[in-house]
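Reviewing the structure listed below.
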Amino acid sequence: ADTDWLDGELGGCVLAGLEMFSARLHRVTFHRCKLESVNLRTATLRNVTFVDCLLRDVDLGGAGLTEVAFPGSALESVRFGKARMAKVDLRGATRLEIADGLDALGGATIGSGQLMDLAPMLADALGIAVRDGGAAR
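Per the working numbering, the very first residue in the sequence shown carries number 2; after that it's consecutive.
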């Protein structure tokens with residue numbers, strides 16, 4: 002927690018249950034890593050890349066993400082509640098399962114297929130009822 006990471010590269014590691022809240026990661030790359038139940042709440046990630054990684058139950062609530070990318074990575078039950086994003090690229094993610102914080106995706110770029118996958122959750126978060134058929138009233 003509350004650590005500084007600069008110009009680092011991690012490969013093939015497993016981080017489970019790690020407390021990294023308020024950490025500052027700048028120019029850090031994770032290759033083929035598994036992050037499970039990692040707490041990155043209020044962390045600052047700048048120019049961070051997750052390549053072919055698995056992020057499961059990772060908490061990025063209140064974090065600041067700038068120029069972060071996830072090529073080839075699977076995001077499962079990731080929480081983004083109250084995160085702030087700028088130039089975050091989610092297009093390369095092979096799986097995009099967001100448990101919390103759909104409203105924090107402003108500043109992120111997603112692909113059209115990902116948008117279709119997220120559409121039911123986005124509609125629910127916005128209070129939009131989606132129903133097929135029937136007469137309009």
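Where a beta carbon is used, it is the ideal one built from N, C-alpha and C, also for glycine.
Residues Arg42, Thr43, Lys83 of the same chain have their beta carbon placed closer than 6 Å to that of Gly63, with the five preceding and five following residues left out of the count. Excluding the 5 residues flanking it on each side, Glu10 has same chain C-beta neighbours closer than 6 Å at Thr30, in chain order. Going by beta carbons, Glu68 and Arg47 fall inside the 8 Å limit.
Between Cys34 and Gly13 a beta carbon distance of about 7 Å is seen, short of the 8 Å cut, so the two are scored as contacting. As the crow flies, the alpha-carbon of Arg85 is around 10 Å from that of Leu61.
Burial is judged here by how many other beta carbons sit within 10 angstroms of a residue's own beta carbon; Gly102 has at least 16 and is buried.
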